[in-house]
Amino acid sequence: MAVVEELLRAEQDGTLSFGNHTLAAKAKMEDFRHDGDLYKVKTYHEITKLEKNGMFLYESVPGTSVNHFKEDAAGVSFVVEGAEDAQITIGLADDTDYAVYIDGANAGRMKTNLGGKLNMSVELAGIGEVQVKVIRA
Numbered sequence: 007m008a009v010v011e012e013l014l015r016a017e018q019d020g021t022l023s024f025g026n027h028t029l030a031a032k033a034k035m036e037d038f039r040h041d042g043d044l045y046k047v048k049t050y051h052e053i054t055k056l057e058k059n060g061m062f063l064y065e066s067v068p069g070t071s072v073n074h075f076k077e078d079a080a081g082v083s084f085v086v087e088g089a090e091d092a093q094i095t096i097g098l099a100d101d102t103d104y105a106v107y108i109d110g111a112n113a114g115r116m117k118t119n120l121g122g123k124l125n126m127s128v129e130l131a132g133i134g135e136v137q138v139k140v141i142r143a
């Protein structure tokens, strides 16, 4: 898997890829249209953040590169890569239980807060890419 050189792109399978965890300086792309929605990404080695229609959708500290990000009523799935272990926050439904799977392993059930944010840690250092699935329980 490679970083997303164009910062944000639509894939042929209908998913999005975004972020570049190798950048030394902040970079952003705004007003990216995909399936009737408007996306904005900010990324570099310290943070990657994605917004959809002005609302929070994804954030990682430090920055990550994300491929095949898919969001639907059931949850989200994506492949993530980074140079270091990352703290990832995803915007989902408020006060809802989700089952979290990291690289196929069940990481347990987690509940979003009243703002709909779910936080997880993902080990990335020296691993390469990691598949993440968050499914409404």
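Residue numbering for the sequence shown is 7 to 143, as defined by our numbering. Think of the CB as a built atom: it goes at the ideal place given N, C-alpha and C, for glycine as much as any other residue.
When DSSP labels each residue in this structure, what does residue i get in the three-state scheme?
| i | result |
| --- | --- |
| Q137 | strand |
| N73 | strand |
Would you mind reading off the limits of the beta strand (DSSP E) that contains residue i?
| i | result |
| --- | --- |
| A30 | Run containing A30: none; DSSP gives neither H nor E here. |
| L213 | Any question about residue 213 goes unanswered here, given that the chain covers just 7 to 143. |
| G144 | With the chain covering 7 to 143 only, the question about residue 144 has no answer from this structure. |
| D103 | D103 to I108 |
Quick one: residues in its chain with C-beta nearer than 6 Å to the C-beta of residue i, no 5 flanking neighbours on either side, listed in chain order?
| i | result |
| --- | --- |
| V67 | I53 and Q93 |
| T28 | V9 |
Residues in its own chain within less than 7 Å of residue i by CB, not counting five upstream and five downstream?
| i | result |
| --- | --- |
| I141 | A80, G81, Y104 and A105 |
| H40 | A16 and L22 |
Give every residue of the same chain whose Cβ lies closer than 8 Å to the Cβ of residue i, excluding the five residues on either side of it in the sequence, and list them in chain order.
| i | result |
| --- | --- |
| E90 | P68, L130 and A131 |
Would you please state the rounded distance, in angstroms, between the beta carbons of residue i and residue j? I believe it to be under 8 Å.
| i | j | result |
| --- | --- | --- |
| A108 | V138 | The identity of residue 108 in the sequence shown is Ile, whereas the question assumes Ala. Going by Cβ atoms, the distance from I108 to V138 rounds to 6 Å, so yes, they are a contact pair. |
For the 8 Å Cβ check, are there 3 or more pairs between the segment 69–81 and the segment 19–28?
Taking one beta carbon from each stretch, the segment 69–81 and the segment 19–28 have 3 or more pairs nearer than 8 Å; the two touch.
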